[in-house]
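Report on the following structure.
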Amino acid sequence: MEEKEEKIYPYRGIGILALCALLVFAGIYRFGETALQTSSTVGNRELPIYSVDTQKKQVALSFDAAWGNEDTQRILDILASHNLHVTFFMTGGWVESYPEDVKKIQAAGHDLGNHSENHKNMSQLSAKECEEEIMKVHDRVKELTGVSMQLFRPPYGDYDNKLIKTSYSCGYFPIQWSVDSLDWKDYGVDSIISTVLQNKDLTNGSIILMHNGAKYTADALESVITGLETQGYEIVPISQLIYKENFHMDGTGKQIRD
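Start counting the sequence shown at 1; every next residue gets the next number (the UniProt record's numbering).
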């Protein structure tokens with residue numbers, strides 16, 4: 001996906017050293033009530049978190065919830081049978097349609113993640129519209145569960161500099177993925193399993209994308225879990241995998257601790 005670049009103009013009164021520092025070091029973003037020193041900037045690009053640089057043999061499973069709930073309970077049951085916690089990224093429409101499922105996900109100890117209100121291509125929106133897309137579902141989930149979500153996944157994986165900055169300003173870590181199960185293509189159970197377990201990008205710190213509403217996901221999940229565990233991976237929620245402060249990104253979107 002081609003990213004939009006933001007031009008940086010010199011300002012009068014700022015010395016050369018100060019300007020270089022502004023370009024090299026991170027901005028300060030608000031996260032809840034605490035200011036965090038972070039850097040999502042690589043060159044002139046703002047990047048979401050695709051994966052995490054870690055020596056721990058951990059990966060994160062994530063499920064986008066934007067349509068359907070037929071298999072949600074089955075997925076929750078499979079996760080519970082393995083005593084696993086994952087991350088569910090939910091749209092506002094899904095939250096509105098299935099509020100009891102949202103409560104079940106939260107009660108089971110999984111991350112509640114924000115997937116925007118209306119699942120739009122957010123690079124095409126203004127900063128104000130992006131903020132509204134994020135905060136509408138944020139407020140709905142807060143009212144429903146008492147949880148202030150902290151993880152945001154852009155619909156379609158579509159983002160630009162503006163959206164990443166807006167995410168942080170709203171108190172969110174923007175999250176992508178490094179391993180796509182392709183379950184949304186409905187290629188079948190075996191395809192999902194092999195796509196995840198034999199993926200060239202599967203490594204420590206990988207974030208795996210699945211969808212709770214995809215046709216074959218629930219059927220494949222047990223084998224995906226056991227396959228990951230057989231390879232020695234511990235499956236954790238994204239909130240446990242990522243660094244919350246003092247980090248920077250490399251050009252691939254890997255989060256690295258400072």
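Glycine included, C-beta positions come from ideal geometry on N, C-alpha and C.
Subject >> Cross-strand partners of D64 (DSSP beta bridge) >> reply: F89 and H211
Original post:
Roughly how far, in whole angstroms, is the beta-carbon of I209 from the beta-carbon of S97, given that I think they are within contact range, below 8 Å?
Top reply: Looking at the sequence shown, residue 209 is not Ile but Leu. Incorrect: roughly 22 Å between the Cβ atoms, too far for contact.
Subject >> Beta-ladder partner(s) of N114, from DSSP >> reply: M90 and F152
Subject >> Cβ-based neighbour list, L197, same chain, cut-off 6 Å, excluding 5 preceding and 5 following >> reply: G227
**OP:** Within 10 angstroms of the Cβ of A65, are there 16 or more other Cβ atoms? Answer buried if so, exposed if not.
**Re:** buried
Subject >> Segment limits, alpha helix (DSSP H) that includes K136 >> reply: A127 to T145
Original post:
Nearest CA to the CA of D77: which residue from I49, G109, E229 and V141?
Top reply: G109
**OP:** Can you tell me which of the three DSSP states E96 falls into?
**Re:** helix
Subject >> Selection from K57, A127 and I175 that minimises the alpha carbon distance to M90 >> reply: I175
Subject >> Integer Cβ distance of T87 from D111, believed to fall under 8 Å >> reply: 4 Å
**OP:** My understanding is that N212 touches F152, with C-beta atoms under 8 Å, so please give their C-beta distance in whole angstroms.
**Re:** That pair is no contact at about 18 Å.
Subject >> D101 burial status per 10 Å Cβ neighbour count (16 or more: buried) >> reply: buried
Original post:
Under a Cβ-count criterion, where at least 16 other Cβ atoms within 10 Å of its own Cβ denotes burial, should S116 be classed as buried or exposed?
Top reply: buried
Original post:
Looking at the structure shown, is I242 part of a helix, part of a strand, or coil, going by DSSP?
Top reply: coil
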